[in-house]
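Reviewing the structure listed below.
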Amino acid sequence: MQAVEVTMPDKTIRLNVAQDARMWIDEFMGRHRAHPLTASLDTLLESSTEDELNSRKLFCGGAILIMKWYGELTEREASALVDEIEALPFETVAGNKQGRH
Numbered sequence: 001m002q003a004v005e006v007t008m009p010d011k012t013i014r015l016n017v018a019q020d021a022r023m024w025i026d027e028f029m030g031r032h033r034a035h036p037l038t039a040s041l042d043t044l045l046e047s048s049t050e051d052e053l054n055s056r057k058l059f060c061g062g063a064i065l066i067m068k069w070y071g072e073l074t075e076r077e078a079s080a081l082v083d084e085i086e087a088l089p090f091e092t093v094a095g096n097k098q099g100r101h
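Per this note's numbering, the very first residue in the sequence shown carries number 1; after that it's consecutive.
Put into structure tokens, the structure is as follows:
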């Protein structure tokens, strides 16, 4: 199992990707409910195919990069979000989608 270290403004935590892959995404979405990236992340989590998920991962990564350039996210926040999005397995998305309906 792959471990990822996530640094947030007030703490650093070590996550097992398979177990906690959505922690940082969920935290961002909770803090920024009306942000365009939140809508993009929500759409990403609704992906119904692996190709769709991969396409949406690229879109979200680009949005995060733009947010970093404009100072909306720190380097650490942007890096943590991108790392988590890249590590997000399709099975996790599909499983969470089924759990919400």
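We treat Cβ as the ideally placed atom computed from N, Cα and C, and that holds for glycine. All values derive from a computational prediction rather than experimental measurement.
Query - Straight-line gap, alanine 21 to glycine 71 (C-alpha atoms, nearest Å) - result: For alanine 21, the pLDDT reaches just 46, beneath the cut-off of 50, and the residue's location in the model is therefore unreliable, leaving the point undetermined.
Query raised in the report: So what's alanine 39 in DSSP terms, helix, strand or just coil?
Result: helix
Report task. Could you check how far apart the C-beta atoms of leucine 44 and cysteine 60 are, in whole angstroms? I think they sit under 8 Å. Result -> 6 Å
Query raised in the report: How would you write the range of the alpha helix (DSSP H) that glycine 61 sits in, first residue to last?
Result: 50-69
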